[in-house]
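Using my numbering, read the sequence shown as starting at 43 and increasing by one per residue. Just so it is clear, CB atoms sit at the ideal spot from N, CA and C, and this is done for glycine as well. Heads up: the structure comes next, in structure tokens.
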Amino acid sequence: MLSDVIVVGGGLMGCSVAYRLAKDGAKVTVLERSVPGAEASSAAAGILGPTIESFDDAFALQLGRRSRELHAELAEELDEYFGIDVGFRRCGVIKIAFDDKELGELERQAESLRVQGIRCQRWGPEELARQEPNCSPEALGALSMAEDAQVEPRKLLSAVALGAEREGVTFRTGTTVRAIDLEGGRARGVRLGKESLHAERVVVAAGSWTTLIPGLPFDSETIYPVRGQMITTETRPPIFRRIVFGAGGYVVTRPDGRVLCGSTMERVGFQRGITFGGMADVIEKATRIAPSLRNAPIKSHWSSFRPGTPDGLPLVGESRVEGLFIASGHYRNGILLAPLTAELIADAMSGAPQSREAQALSPKRFEEPAT
Ligand SMILES: Cc1cc2nc3c(=O)[nH]c(=O)nc-3n(C[C@H](O)[C@H](O)[C@H](O)COP(=O)(O)OP(=O)(O)OC[C@H]3O[C@@H](n4cnc5c(N)ncnc54)[C@H](O)[C@@H]3O)c2cc1C
């Protein structure tokens, strides 16, 4: 079988890249060992929060803000074409402080954002109680960043996968890629056990498992799993209007009252599952933010693996192996950065001059120079 592009992995990254490339006219096949969205992309909270995640890194902040705005456009497009509401809402994010040290950190964060031209507001305890009455009365203040947003990752994944299919992308589920096929120093396709599939270009978007695939020019540790455990509940009326960070955790509220509480950050390899310790940690943080959650029923819990990288930035673009592209390693911000990643991969394939972003995210920074 011949296709222009093979995408390995049907998470949000693989589906977004496939959708984008197919819209540009490429013939794309996505190979997914399970089903689309089987891993991290369905486990995420859906916070599109560059001002909270990257306030102290001007470059990451700029990437995140750009991608957040691409999400707004994508949400409109998916609604218009497929009638699917992916839950994009510019609900804003607040971070609350419980002691003087944390208040000092809020000040530092506010200053850093203001220097970069981002509007944010400092609230004292009275204003916080007025704006978000379910926040802990022990909170001494908050920093509010109104431009950040949320999306529902599972709805987004389904909509993007549907969009990709409508654009002619072929999905092969239950298909594990065993190795990248290399010939004459360039990628020629992939191996699936005895079968080989040929393509002039291969995009590896296999999340935490990316650098385990034989044939990639990286050390297998270049992308590593960081487990995150989550708990969900529901409240009527919805507990918060905004996403609330504090006490080392966060609480994300959907407009219908669903609540997601997260999350742990564990280097435990690929050990699946949830633990007593992980649940206790998430519950402690969430109930510190919102004491009334103590009475809320636990509706569900899960865990998955964020794809971490040594420098905290993803690997996006062509590797030193011609025809072999990487779209992985997005760690805590893969939902946020998916639309931008798809755009950067499309640019790289079109041979457009490399932007500053593309250079900084290039997978080549982790490869041994070719001998
Ligand atoms: C608890 C938690 C909360 C999070 N919250 C947020 C958030 O609020 N905002 C945000 O922006 N990000 C968040 N993230 C991070 C985000 O979920 C990830 O960065 C993102 O989903 C990564 O997407 P991906 O497509 O690269 O990986 P994945 O979704 O993991 O997809 C990789 C896919 O590749 C497939 N695959 C692997 N190996 C092979 C192979 N050999 N052959 C074929 N298929 C293969 C897998 O089955 C999988 O479906 C969170 C993550 C976790 C765990």
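Distance, S404 Cα to T413 Cα: Here residue 413 refers to the residue found at position 371 of the sequence shown. Here residue 404 refers to the residue found at position 362 of the sequence shown. Unreliable positioning characterises T413 in this predicted model, as indicated by a pLDDT of 46, which lies under 50. A coordinate reading is not provided.
Stretch-stretch touch, CB-based, cutoff 8 Å, three pairs: the region 298–306 with the region 141–161: no
P92 in three-state terms, based on DSSP: Working through the sequence shown from its first residue, we reach residue 92 at position 50. It is helical.
Under 7 Å between C-beta atoms of A85 and W251: Residue mapping note: residue 85 aligns to position 43 of the sequence shown, counting from 1. Residue mapping note: residue 251 aligns to position 209 of the sequence shown, counting from 1. Not in contact: A85 and W251 (Cβ atoms no closer than 7 Å).
Span of the alpha helix (DSSP H) around Y418: Past the edges of the chain, shown from 43 to 413, lies residue 418, and the structure says nothing about it.
S451: CB within 6 Å of a non-hydrogen atom of ligand 1: The displayed coordinates of the chain run from 43 to 413. Any statement about residue 451 would go beyond what the structure contains.
Whole-angstrom C-beta distance between R220 and T71, which should lie under 8 Å: The count along the sequence shown starts at 1 and reaches residue 71 at position 29. The count along the sequence shown starts at 1 and reaches residue 220 at position 178. Between R220 and T71 the Cβ distance is about 16 Å, and since that is not below 8 Å, they are no contact.
Beta-carbon gap between V47 and A241 smaller than 7 Å: In the sequence shown, counting from the first residue as 1, residue 47 sits at position 5. In the sequence shown, counting from the first residue as 1, residue 241 sits at position 199. Closer than 7 Å, so yes.
Minimum Cβ-Cβ distance from Q401 to chain D less than 7 Å: Absence of chain D from the displayed structure is noted, only one protein chain being present.
A332 beta carbon less than 7 Å from that of T275: Stepping through the sequence shown from its first residue, residue 275 is reached at position 233. Stepping through the sequence shown from its first residue, residue 332 is reached at position 290. Cβ distance not < 7 Å, so T275 and A332 don't count as in contact.
Whole-angstrom distance between P179 and M55, CA atom to CA atom: Numbered from its first residue, the sequence shown carries residue 55 at position 13. Numbered from its first residue, the sequence shown carries residue 179 at position 137. Going by the C-alpha atoms only, they are around 40 Å apart.
P167 versus A181, L73, E81, G205, residue with shortest Cα-Cα distance: Sequence index remark: in the sequence shown, residue 167 carries index 125 (1-based). When each option's Cα is compared against that of P167, the closest is A181.
Check: R62 C-beta below 6 Å from any heavy atom of ligand 1: Against the sequence shown, residue 62 aligns to sequence position 20. Checking every heavy atom of ligand 1 against the Cβ of R62, none is found closer than 6 Å.
Whole-angstrom distance between Q192 and R132, CA atom to CA atom: Start at 1 with the first residue of the sequence shown, and residue 132 comes out as number 90. Start at 1 with the first residue of the sequence shown, and residue 192 comes out as number 150. In a straight line, the C-alpha of R132 is about 6 Å away from that of Q192.
Among L357, V244, T217, S334, the one whose alpha carbon lies nearest that of L73: If you number the sequence shown from 1, residue 73 lands on position 31. Minimum Cα distance to L73 is reached at T217.
Any non-hydrogen atom of ligand 1 closer than 6 Å to I377 Cβ: As a working mapping, residue 377 is identified with position 335 in the sequence shown. Here the distance from the Cβ of I377 to the nearest heavy atom of ligand 1 is below 6 Å.
Extent of the continuous alpha helix (DSSP H) run through Y61: For the purposes of this step, residue 61 is taken as residue 19 along the sequence shown, with counting starting at 1. Going by DSSP, Y61 is part of the alpha helix (DSSP H) stretching over 54–65.
Contact under 7 Å by Cβ, L103 with S96: Looking up residue 103 in the sequence shown gives position 61. Looking up residue 96 in the sequence shown gives position 54. Contact: yes.
Near ligand 1: S397 beta-carbon under 6 Å from a heavy atom: In the sequence shown, the residue the question calls residue 397 occupies position 355. Answer for S397: no, Cβ out of range of ligand 1.
Rounded separation between D261 and S392 - CA only: The residue labelled residue 261 in the question sits at position 219 within the sequence shown. The residue labelled residue 392 in the question sits at position 350 within the sequence shown. Cα to Cα, D261 sits roughly 28 Å from S392.
Nearest-angstrom Cα separation, counted from A380 out to V59: Reading the sequence shown from its first residue, position 17 is the one you call residue 59. Reading the sequence shown from its first residue, position 338 is the one you call residue 380. Between V59 and A380, the C-alpha separation is close to 8 Å.
Sequence-distant residues of its chain with Cβ nearer than 6 Å to A402 (five each side left out): To locate residue 402, count along the sequence shown from 1; it is residue 360. Taken in chain order, the list of residues that qualify is empty.
Cutoff 6 Å; reference E209; Cβ partners in own chain excluding five residues on either side: For the purposes of this step, residue 209 is taken as residue 167 along the sequence shown, with counting starting at 1. Answer for E209: A64, K65, listed in chain order.
Which of helix, strand or coil DSSP assigns to Q401: One-based indexing of the sequence shown puts residue 401 at position 359. Helix.
Alpha helix (DSSP H) segments (min. 4 residues) lying fully within the region 282–333: 318–331
Unbroken alpha helix (DSSP H) run spanning L155, endpoints: What you label residue 155 is simply residue 113 of the sequence shown in a count that begins at 1. Counting along the chain, the alpha helix (DSSP H) containing L155 begins and ends at 142–157.
A82, enclosing beta strand (DSSP E) - first and last residue: Start at 1 with the first residue of the sequence shown, and residue 82 comes out as number 40. Premise fails: A82 lies in the alpha helix (DSSP H), 82–85, not in any beta strand (DSSP E).
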